[in-house]
Structure formats: C-alpha cells, structure tokens
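A short worksheet on the structure shown next.
Residue numbers (my numbering): 371 to 494.
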C-alpha cells in the first residue's frame, strides 16, 4: 500500500484519534478537520488522495461539504470522498451518490472495510 495523504472530516474526538492512529500506522499522512466547512477549505489548501467524510457534523454536514467540493474548480473537485456514516438505508446511499461521494462505510468503523474502500477509490 503506497502512503496516501488523507483528510478526515469528523467531529468526534475519539473517532478522530482512532482513525489517525490506524491510518498513521499504515504509513499514511492524515489531517483532521472537525466540520464540513473546514473540509471544503482544507481541500483547497492542499492536495489529498482521499477524504473520509462524516455525514453528520456541525457547521456543514458531509453531504453539503461534498457538494461544495464537487463544485470547486481544479483537481480538488475530483478528490475521492468516502462517506463515514451510521446511515445505511438505500435512501441514504442514494443521497451520498447524488452528492458525488465515491463510496461509503458504516460506523462503527470496520478498518478492513475502510482499507478496502480507500483502495477502491485510489486505485491501490
């Protein structure tokens, strides 16, 4: 697995620390933001290989943040975005796809599923 630059948009501190620890051990560089608005700003400042986007966050939720990222100019608009969510109904999946999310995984996070989703989205 090649090292990736990953943005994690997650408002829960425990989830932030867990994801950073697991992905960091795999050699990835991980940046963390706490809401969707910060995620939109972060992808404009730095190139990421993939974004892990919590669905429910303050300021701006994951779906709205994804729509805003997809509306940007340049390569940031094409960054793969994986929804990280407790919502698994078909209507929710359709909402994620409609916003331009590349994939989704459910909470609590299964790190094997996360690794598989990252590999699917980054060609790794």
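From the three backbone atoms N, C-alpha and C, an ideal C-beta is built for every residue, glycine too.
Check, Outcome
"Bridge partner(s) assigned by DSSP for residue 424", "454"
"Inter-residue spacing [alpha-carbon to alpha-carbon] between residue 465 and residue 395", "32 angstroms"
"C-beta atoms of residue 410 and residue 450 nearer than 7 angstroms", "no"
"Cβ-Cβ distance between residue 459 and residue 429 below 7 angstroms", "no"
"Among 489, 471, 481, nearest to residue 435 - alpha-carbon criterion", "471"
"Cβ distance (whole Å) where residue 454 is taken to contact residue 422 below 8 angstroms", "5 angstroms"
"Contact under 7 angstroms by Cβ, residue 418 with residue 372", "no"
"Proximity below 7 angstroms, CB of residue 437 to CB of residue 487", "no"
"Closest by C-alpha distance to residue 412, when choosing among 447, 384, 462, 483", "447"
"Span separating the alpha-carbon of residue 389 from that of residue 378", "8 angstroms"
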